[in-house]
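Student: In the working numbering, the protein residues as written are 18 to 576.
All C-beta atoms in this analysis are idealised placements derived from N, C-alpha and C, irrespective of residue type, glycine included.
Take this structure first; my questions come after.
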Amino acid sequence: MPLAPDGFFTSARLPSATDVFREKAVTFLRSNAPLANPQPTRAFVRSAQIDLHKYRTEISRLTSALERLSAERERLEWMTVAYRGMLSTQRQLPTELLLKIFRLCVNSVPLPSSRIESMYPGFGRLAQRRWFQLASVCKRWHTIILSAPTIWAEISVQGIEPSSTLARGLAHRAVVRSRTAPLDIYLDMGVNTQDGQPLPRPAVVFLAEHSSRWGKLRLGAHRREFHDLAPIHHKLQNLRELEIFLPHLVDEHDAVKQCLLFEDAPSLRKLVVEGAPPVVPWSQLTEVQINIPAYSHVKRLLPFLARCSSQCEVTICNADPTQNDWSLDAPLHSDLRSLRMYFNATTINSKPLTDGLGSLLRNLDLPNLTRLELECPLWRKSLEWVPDAFHDFVGRSQRLTVFHLHGCAISTDDLVAALVQLPLLDEVSLGDGCSREFVICDALLEALDPAASPSLLPQLRRITLDSYLQFDGKLFVRVMHARARRNKEVGLQGGNSNHEFFVCILHPKVLDGNSEDAKYRQALKNAYKLGRVITAAFAAEAGAVRDGLRLLIRKPDVY
């Protein structure tokens with residue numbers, strides 16, 4: 018049997034590549050003429066039939082071989098993956114570390130569509146569908162996930178039809194699988210009514226029965242929620258964190274303020290609330306955050322400060338300094354140790370925001386305060402500085418060691434005057450105001466030079482500058498080095514070494530305006546220039562320590 022160069026059968030009857038048989042045959046068939054001698058043609062057909070049978074036999078044999086080879090290849094590939102998996106370092110990861118990795122990626126796990134979730138998205142969260150999807154990867158993952166109490170202790174009852182019995186069943190499953198772990202509850206179901214009466218909410222009632230295990234509670238402030246949660250009163254032994262928010266555009270402030278459900282929570286340490294806080298054991302709280310709703314009465318919200326203890330750190334967000342109700346009837350005394358104020362304005366105008374900051378400083382008496390942060394988002398207008406009010410405030414708060422001031426319309430002279438009044442500061446964070454208000458400039462750096470002003474901030478160990486870089490880079494490096502050398506000479510410890518002066522300068526801000534703006538172009542030039550200076554001084558190593566000075570350059574936080 019003749020073989021082709023590739024080792025497979027080939028027919029000797031096939032014409033050569035240069036043969037014109039095909040053209041001759043087509044011409045003859047079209048002529049419809051009879052064959053003069055048909056015997057050679059009959060002989061060719063008989064022999065060709067034999068060769069065609071050989072082709073079919075060869076193809077069948079090769080097809081079977083190809084199927085076998087493909088099947089064996091797939092089996093070997095599967096075995097290779099399996100054996101490689103046996104050697105994978107992932108299989109050697111401790112369960113605790115694997116759970117941490119799972120938590121980082123679980124929210125990105127894709128889910129198939131679900132009819133019930135298209136109507137009530139919260140069912141997927143309550144049923145922990147993403148965790149089940151991860152658990153389907155392998156037996157080990159399935160065992161780890163289903164036996165991890167902390168996963169099932171996170172119970173979100175939100176975005177679900179309130180009267181659903183399915184929600185109650187899913188909540189029951191989660192409570193059982195969480196074993197004895199403290200429960201992290203997110204509750205925001207809303208209310209359904211029938212004939213003017215609220216329908217029962219089985220999931221809420223069931224979770225209330227297990228309130229003694231609650232460790233964290235995030236609660237949508239509906240009046241109905243407080244009614245259904247009545248059984249939790251005096252049964253919150255393990256509640257550590259409480260967050261109450263207003264999920265709908267309704268005024269539920271009075272309902273929250275009068276709520277007594279959380280007055281007896283011996284483990285409570287953190288409170289986050291939108292608007293007026295409820296009755297809580299203030300003396301034991303260490304962290305309080307009040308988010309002020311738009312157009313609310315600030316004057317009615319601030320009195321809670323008087324109930325904060327000396328261990329409490331308070332954050333007030335979304336305070337609108339343009340409102341006219343900041344002035345209290347009398348100075349407000351509090352023992353709190355840390356106060357962060359994040360201002361925001363509902364009204365945008367071309368002037369700095371007044372006069373909320375001045376009214377606030379005039380009315381607060383905080384003798385134990387060690388940390389003060391004042392910040393206004395830079396996409397809003399700057400906060401107007403009130404020197405006399407700050408002077409009076411500092412006179413009542415003489416223990417300040419940390420001071421942050423960002424987004425404020427303040428002159429260099431006023432800023433230096435403010436810093437002079439704070440001799441105990443060991444940490445300062447300063448930021449330029451809106452795009453044309455450059456607080457951090459050459460004049461400020463010269464004032465910070467210990468040779469020129471040795472009494473200004475003598476205890477300073479850490480400074481953060483959030484700047485448009487409208488200053489001389491060489492001057493900046495010289496002053497910061499001088500500060501570091503001075504700290505080393507006087508034995509002032511700080512940072513991660515015995516004599517280290519820490520400077521953090523944020524990635525350059527971008528001035529508003531178009532690319533033709535001269536100040537915009539200058540800001541970019543200054544950024545590149547300072548980068549070259551710092552590169553030369555620190556060998557381009559972020560966080561490098563040289564002569565006791567550690568400089569870090571990082572991108573600014575996103576507001």
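Quick one: residues in its chain with C-beta nearer than 6 Å to the C-beta of residue 334, no 5 flanking neighbours on either side, listed in chain order?
Tutor: On the sequence shown, residue 334 is found 317 positions in, with the first residue counted as 1. Only 308, 359 meet the Cβ criterion.
Student: Answer yes if the region 72-90 comes into contact with the region 106-120, meaning at least three C-beta pairs across the two stretches below 8 Å, and no otherwise.
Tutor: Contact between the region 106-120 and the region 72-90 is absent, because fewer than three Cβ pairs lie under 8 Å.
Student: Looking at the structure shown, is residue 322 part of a helix, part of a strand, or coil, going by DSSP?
Tutor: As a first step, residue 322 is located in the sequence shown; it is residue number 305 there, counting from the start. Looking at residue 322 - three-state DSSP - the assignment turns out to be helix.
Student: Check whether the region 62-71 and the region 24-32 touch, using three or more Cβ-Cβ pairs below 8 Å as the test.
Tutor: Yes: at least three Cβ pairs fall under 8 Å.
Student: By Cβ distance, which residues of its chain are closer than 7 Å to residue 450, with the 5 residues on each side in sequence left out?
Tutor: Here residue 450 corresponds to residue number 433 of the sequence shown, with the count starting at 1. These residues qualify, in order along the chain: 399, 424, 425, 426, 456.
Student: On the three-state DSSP scale, how would you describe residue 122?
Tutor: Stepping through the sequence shown from its first residue, residue 122 is reached at position 105. DSSP places residue 122 in helix when its eight states are reduced to three.
Student: Between residue 285 and residue 275, which are expected to be in contact by the criterion C-beta below 8 Å, what is the C-beta distance as a whole number of angstroms?
Tutor: As a first step, residue 285 must be located in the sequence shown, where it is residue number 268. As a first step, residue 275 must be located in the sequence shown, where it is residue number 258. Incorrect: roughly 18 Å between the Cβ atoms, too far for contact.
Student: Within the same chain, show all residues whose beta-carbon is closer than 6 Å to that of residue 139, passing over the 5 residues directly before and after it, in chain order.
Tutor: Position 122 of the sequence shown, counted from the first residue, corresponds to residue 139. Excluding positions up to five away in sequence, the list reads 175, 176, 177.
Student: Within a Cβ cutoff of 8 Å, which residues of the same chain sit near residue 19, ignoring the five residues on either side of it in sequence?
Tutor: In the sequence shown, residue 19 corresponds to position 2, counting from 1. Taken in chain order, the residues that qualify are 26, 27, 28, 29.
Student: Do residue 509 and residue 478 have their beta-carbon atoms positioned less than 9 Å apart in this structure?
Tutor: Translated into the one-based positions of the sequence shown, residue 478 becomes position 461. Translated into the one-based positions of the sequence shown, residue 509 becomes position 492. Closer than 9 Å, so yes.
Student: Compute the Euclidean distance between the alpha carbons of residue 352 and residue 157, then round it to the nearest angstrom.
Tutor: The residue labelled residue 352 in the question sits at position 335 within the sequence shown. The residue labelled residue 157 in the question sits at position 140 within the sequence shown. Taking the straight line from one Cα to the other gives about 52 Å.
Student: Give me the DSSP bridge partner(s) of residue 238.
Tutor: Position 221 of the sequence shown, counted from the first residue, corresponds to residue 238. Answer is none; residue 238 lacks a bridge partner.
Student: What's the call for residue 32, buried or exposed, on a 16-neighbour Cβ count within 10 Å?
Tutor: In the sequence shown, residue 32 corresponds to position 15, counting from 1. With fewer than 16 Cβ atoms within 10 Å of its Cβ, residue 32 is classed as exposed.
Student: Within 10 angstroms of the Cβ of residue 555, are there 16 or more other Cβ atoms? Answer buried if so, exposed if not.
Tutor: Along the sequence shown, read from residue 1 onward, the residue named residue 555 stands at position 538. Only weak support is given to the placement of residue 555: the predicted model assigns it a pLDDT of 48, under 50, and the value that follows is read from those uncertain coordinates. When all chains shown are included, residue 555 counts as buried.
Student: Within the same chain, show all residues whose beta-carbon is closer than 6 Å to that of residue 330, passing over the 5 residues directly before and after it, in chain order.
Tutor: In the sequence shown, residue 330 corresponds to position 313, counting from 1. Closer than 6 Å at the Cβ level, and outside the excluded window around residue 330, lie 304, 355.
Student: Return the first residue and the last residue of the beta strand (DSSP E) that residue 174 is part of.
Tutor: Numbered from 1 along the sequence shown, position 157 holds the residue referred to as residue 174. Unbroken beta strand (DSSP E) run through residue 174: 171-175.
Student: Quick one: give me the first and last residue of the beta strand (DSSP E) that residue 56 is part of.
Tutor: Start at 1 with the first residue of the sequence shown, and residue 56 comes out as number 39. Not the beta strand (DSSP E): residue 56 falls in the alpha helix (DSSP H), residues 56-104.
Student: Give the DSSP-derived three-state secondary structure of residue 297 in the structure shown.
Tutor: As a working mapping, residue 297 is identified with position 280 in the sequence shown. Coil.
Student: Kindly identify the DSSP beta-bridge partner or partners of residue 332.
Tutor: For the purposes of this step, residue 332 is taken as the residue at position 315 of the sequence shown. For residue 332, which the question treats as bridged, DSSP gives the partners 306, 357.
Student: For residue 280 and residue 290, which I take to be in contact (beta-carbon distance under 8 Å), what is that distance rounded to the nearest angstrom?
Tutor: Within the sequence shown, residue 280 is the residue found at index 263, counting from 1. Within the sequence shown, residue 290 is the residue found at index 273, counting from 1. Not quite, the Cβ-Cβ distance comes to about 14 Å (not below 8 Å), so this is no contact.
Student: Just list the beta strand (DSSP E) runs in the region 422-503, keeping only unbroken ones of 3 residues or longer that don't cross its boundaries, in chain order.
Tutor: 444-448, 479-483, all fully within the region 422-503.
Student: With H, G and I counted as helix, E and B as strand and the rest as coil, what does DSSP make of residue 402?
Tutor: Your numbering for residue 402 matches position 385 in the sequence shown. Coil.
Student: Assuming residue 357 contacts residue 390 (C-beta within less than 8 Å), just tell me the rounded distance between them.
Tutor: Residue 357 sits at position 340 when you count from the first residue of the sequence shown. Residue 390 sits at position 373 when you count from the first residue of the sequence shown. Indeed they touch by this definition, with Cβ atoms about 4 Å apart.
Student: Within 10 angstroms of the Cβ of residue 205, are there 16 or more other Cβ atoms? Answer buried if so, exposed if not.
Tutor: The residue labelled residue 205 in the question sits at position 188 within the sequence shown. Result: buried.
Student: When the Cα of residue 605 is compared with those of 298, 257, 258, 292, which residue comes out closest?
Tutor: Since the first residue shown for the chain is 18 and the last is 576, residue 605 is missing from the structure and cannot be characterised.
Student: Pull up the distance between the alpha-carbon of residue 515 and that of residue 500, whole angstroms please.
Tutor: For the purposes of this step, residue 515 is identified with residue 498 of the sequence shown, where counting begins at 1. For the purposes of this step, residue 500 is identified with residue 483 of the sequence shown, where counting begins at 1. Because residue 515 carries a pLDDT of 40, less than 50, the predicted location of this residue cannot be relied on, and no value is offered for it.
Student: May I have the straight-line CA-CA distance separating residue 236 from residue 146, to the nearest angstrom?
Tutor: To locate residue 236, count along the sequence shown from 1; it is residue 219. To locate residue 146, count along the sequence shown from 1; it is residue 129. One C-alpha to the other measures close to 22 Å.
Student: According to DSSP, simplified to helix, strand and coil, what is residue 409?
Tutor: Residue 409 sits at position 392 when you count from the first residue of the sequence shown. Three-state result, residue 409: helix.
Student: The alpha helix (DSSP H) spanning residue 222 covers which residue range?
Tutor: Locating residue 222 in the sequence shown gives position 205, counting from the first residue. Start and end: 219-225.
Student: What is the C-beta distance between residue 218 and residue 179, in whole angstroms, given that I count them as a contact (C-beta under 8 Å)?
Tutor: For the purposes of this step, residue 218 is identified with residue 201 of the sequence shown, where counting begins at 1. For the purposes of this step, residue 179 is identified with residue 162 of the sequence shown, where counting begins at 1. Yes, they are in contact, since the Cβ atoms of residue 218 and residue 179 sit about 5 Å apart, within 8 Å.
Student: Per DSSP, residue 261 forms a beta bridge with which residues?
Tutor: Locating residue 261 in the sequence shown gives position 244, where the first residue counts as 1. Bridge partners of residue 261: 236, 290.
Student: I'd like to confirm the pairing. Which residues does DSSP put opposite residue 243 in its beta bridges?
Tutor: Taking the sequence shown and counting its residues from 1, the one referred to as residue 243 is at position 226. Answer by DSSP bridge pairing: none, since residue 243 is not bridged.
Student: Since residue 245 and residue 225 should fall inside the 8 Å C-beta cutoff, what is the C-beta to C-beta distance between them, to a whole number of angstroms?
Tutor: Mapped onto the sequence shown, residue 245 falls at position 228. Mapped onto the sequence shown, residue 225 falls at position 208. That pair is a contact at about 7 Å.
Student: Which of the three DSSP states is assigned to residue 25 in this structure?
Tutor: Here residue 25 is taken as the residue at index 8 of the sequence shown, counted from 1. Residue 25 falls in the coil class under three-state DSSP.
Student: Do residue 76 and the ligand NAP come close, with the Cβ less than 8 Å from some heavy atom?
Tutor: The ligand content of the structure shown is nil, which means the ligand NAP is not present either.
Student: From 406, 233, 254, 282, pick the residue whose C-alpha is nearest to that of residue 260; which is it?
Tutor: Here residue 260 corresponds to residue number 243 of the sequence shown, with the count starting at 1. Comparing Cα-Cα distances from residue 260 to each of 406, 233, 254, 282, the minimum goes to 233.
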